[in-house]
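First comes the structure, then the notes that go with it.
Residue numbers (the numbering used here): 10 to 230.
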């Protein structure tokens, strides 16, 4: 009886705590489908993380560049940007407004099997809190190259209206691999760390509004 009374008392005390934890839980941040999506500029392809949601993203030609509005996270690429050997990729990109949560966006390299279950690529992202990440995807699994999201002063942070413009570069040479933000190298390594052969494209996480002023892939000697 004494055990039963103690157990009941503990349950009564625990109930408000559990209720508070549930009440204090942050709301989910679901994908926000974009009206008028599903069409791509000539030569471009897309794949959302959850296959089949490509119509919930919008990618259009705008102001000598491209404007992308996401729903779900996705990759975008052109078959013509397939490279083998040393190359330099450049992305000049503006996040046009703050997202509800910091969401990454940037370049992927070494893209292979992008429409299948065994897709693979390495991606270099920044986000609005001034941090960057380098990561590898093989199929449904991802692994970090940098240990975690890392703050760096080279990243331009959002202004008063939430805009931020940054220039990202990935340079893969015969003897050196470098990732740079606004002309400042933030990570270097042996080029064998990533697969430099494959398609170079864009990796953009969900619920972002982005403008791309420049995206180029140039072969190097």
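C-beta atoms are modelled at their ideal positions from N, C-alpha and C, and glycine is treated no differently.
Excluding five sequence neighbours on each side, which residues of the same chain lie with their C-beta closer than 6 Å to the C-beta of residue i?
{"i": "residue 147", "result": "129"}
{"i": "residue 62", "result": "81"}
{"i": "residue 178", "result": "99 and 189"}
{"i": "residue 40", "result": "80, 81 and 215"}
{"i": "residue 207", "result": "119, 120 and 121"}
{"i": "residue 110", "result": "38"}
According to DSSP, what are the bridge partners of residue i?
{"i": "residue 99", "result": "178 and 225"}
{"i": "residue 74", "result": "71"}
{"i": "residue 218", "result": "78"}
{"i": "residue 198", "result": "186"}
{"i": "residue 145", "result": "131 and 152"}
{"i": "residue 44", "result": "DSSP, once it has assigned bridges, lists no residue as partnering residue 44."}
Suppose the cutoff is 8 Å on Cβ atoms and the five residues either side in sequence are ignored; what does the same chain contact list for residue i look like?
{"i": "residue 160", "result": "138, 139 and 140"}
{"i": "residue 45", "result": "67"}
{"i": "residue 217", "result": "77, 78, 79, 104, 108, 112 and 114"}
{"i": "residue 15", "result": "With a pLDDT of 42 at residue 15, under the threshold of 50, the predicted position of this residue should be treated as unreliable, though the coordinate-derived value follows. Result list for residue 15: empty, nothing under 8 Å."}
{"i": "residue 167", "result": "104, 107, 137 and 173"}
Give me, in chain order, the residues of the same chain whose beta-carbon lies closer than 7 Å to that of residue i; leave out the 5 immediate sequence neighbours on both sides.
{"i": "residue 115", "result": "100, 132, 133, 134, 135, 177 and 212"}
{"i": "residue 30", "result": "In this prediction, residue 30 scores a pLDDT of 40, lower than 50, which makes its location untrustworthy; the coordinate-derived value is nonetheless stated afterwards. Taken in chain order, the list of residues that qualify is empty."}
{"i": "residue 191", "result": "163, 165, 175 and 176"}
{"i": "residue 47", "result": "63 and 64"}
{"i": "residue 126", "result": "148"}
From which residue to which residue does the beta strand (DSSP E) around residue i run?
{"i": "residue 128", "result": "Where residue 128 is concerned, there is no enclosing beta strand (DSSP E), given that its DSSP letter is neither H nor E."}
{"i": "residue 121", "result": "114-121"}
{"i": "residue 65", "result": "No beta strand (DSSP E) contains residue 65, which DSSP labels as neither H nor E."}
{"i": "residue 38", "result": "No beta strand (DSSP E) holds residue 38; DSSP gives it neither H nor E."}
{"i": "residue 153", "result": "150-153"}
{"i": "residue 183", "result": "Taken as a continuous stretch (DSSP letters only), residue 183 belongs to no beta strand (DSSP E), as it is neither H nor E."}
{"i": "residue 52", "result": "No beta strand (DSSP E) contains residue 52, which DSSP labels as neither H nor E."}
{"i": "residue 163", "result": "Note, residue 163: premise wrong, no beta strand (DSSP E); not H, not E."}
{"i": "residue 106", "result": "Careful: residue 106 lies outside any beta strand (DSSP E) and carries neither H nor E."}
{"i": "residue 207", "result": "207-213"}
Taking only the alpha-carbon atoms, compute the straight-line gap between residue i and residue j and give it to the nearest angstrom.
{"i": "residue 226", "j": "residue 76", "result": "19 Å"}
{"i": "residue 222", "j": "residue 104", "result": "11 Å"}
{"i": "residue 171", "j": "residue 97", "result": "29 Å"}
{"i": "residue 173", "j": "residue 201", "result": "32 Å"}
{"i": "residue 204", "j": "residue 118", "result": "8 Å"}
{"i": "residue 154", "j": "residue 42", "result": "31 Å"}
{"i": "residue 229", "j": "residue 209", "result": "14 Å"}
{"i": "residue 145", "j": "residue 151", "result": "6 Å"}
{"i": "residue 83", "j": "residue 149", "result": "14 Å"}
{"i": "residue 157", "j": "residue 143", "result": "8 Å"}
{"i": "residue 186", "j": "residue 219", "result": "27 Å"}
{"i": "residue 124", "j": "residue 93", "result": "20 Å"}
So is the beta-carbon of residue i under 7 Å away from any non-hydrogen atom of the ligand FAD?
{"i": "residue 104", "result": "You won't find the ligand FAD in this model; it holds no ligand whatsoever."}
Three or more C-beta pairs below 8 Å linking the stretch 51-58 and the stretch 194-202:
As far as the Cβ criterion goes, the stretch 51-58 does not touch the stretch 194-202, which means the pair count is below three.
Evaluate contact between the stretch 55-69 and the stretch 87-103, counting only Cβ atoms and requiring at least three cross-stretch pairs below 8 Å.
no
Taking 8 Å as the threshold, find out whether the stretch 163-183 comes into contact with the stretch 61-80 through three or more Cβ pairs.
no
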